[in-house]
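The next block holds one structure in the form of structure tokens; read it before the comments.
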Amino acid sequence: MKNYIFWTFVSVITVTFYHLILKDFQKRGYNNTLALIWLHIAMIVFLLISYYKNNKDNFKEVITTVIYDKTFLFMIILGGFFSYITHDFGYYAFLQFRNPGYFEAIMNSEALLLAICAVFFFKSHFGIQEMIGALLIIAGTFVLTRNEALAKAVIV
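With the numbering used here as the guide, the letters of the sequence shown map in order to residues 39 to 194.
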């Protein structure tokens with residue numbers, strides 16, 4: 039197995055626990071926004087430690103890149119805004135689902151949009167296998183959304 043594939047599966051496991059922790063915060067009555075803020079502060083600390091371990095000689099780049107490279111700064115601000123929208127609205131939606139796995143399955147339809155955008159931005163390949171996968175993603179998203187909507191209608 040290629041190294042990056044292994045780390046993708048590790049990420050699947052860790053993001054699963056991350057989402058279980060988020061759901062547990064809700065069940066325990068913690069302030070959801072505060073929980074997200076502190077989780078991301080912890081993530082920044084871990085990223086800085088990791089970056090420092092691998093780049094001790096170039097650690098000053100953490101600050102200087104943002105100060106001197108305006109394109110980098112713009113992309114950071116834009117990406118940060120998109121991340122905020124994703125986390126703020128996504129977290130709200132995540133907490134509403136009966137099963138957090140449904141939310142994640144629907145969110146993973148991002149792969150379809152990402153694959154299509156990559157064709158235009160990066161000249162990536164999108165052939166028949168990708169089209170079949172795209173149709174399956176659309177079908178699965180439709181089924182989950184419909185089932186969740188019907189279940190909410192029955193409960194309320």
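Cβ atoms here follow ideal geometry from the backbone N, Cα and C, with glycine treated the same way.
DSSP on residue i, reduced to helix/strand/coil?
i, result
"residue 66", "coil"
"residue 112", "helix"
"residue 161", "coil"
"residue 132", "helix"
"residue 146", "coil"
"residue 94", "helix"
"residue 39", "coil"
"residue 107", "coil"
"residue 185", "helix"
In angstroms, rounded to a whole number, what distance separates the CA positions of residue i and residue j?
i, j, result
"residue 24", "residue 105", "Because the chain is modelled from 39 through 194, residue 24 falls outside the range shown and cannot be assessed."
"residue 42", "residue 63", "31 angstroms"
"residue 73", "residue 166", "43 angstroms"
"residue 123", "residue 116", "11 angstroms"
"residue 102", "residue 121", "23 angstroms"
"residue 71", "residue 99", "30 angstroms"
"residue 84", "residue 67", "26 angstroms"
"residue 187", "residue 61", "20 angstroms"
"residue 127", "residue 153", "23 angstroms"
"residue 158", "residue 164", "10 angstroms"
Buried or exposed: which applies to residue i, given that a residue is buried once 16 or more other Cβ atoms fall within 10 Å of its Cβ?
i, result
"residue 132", "buried"
"residue 56", "exposed"
"residue 129", "buried"
"residue 59", "exposed"
"residue 175", "buried"
Closest to residue i by C-alpha separation, out of the options, would be which residue?
i, options, result
"residue 140", "128, 183, 124", "183"
"residue 125", "77, 52, 149, 177", "77"
"residue 138", "54, 179, 189, 163", "54"
"residue 146", "45, 50, 185, 40", "50"
"residue 172", "92, 150, 93", "150"
Please check if any C-beta of chain D sits within less than 9 angstroms of the C-beta of residue i.
i, result
"residue 84", "The question asks about chain D, but that chain is absent: this structure has only one protein chain."
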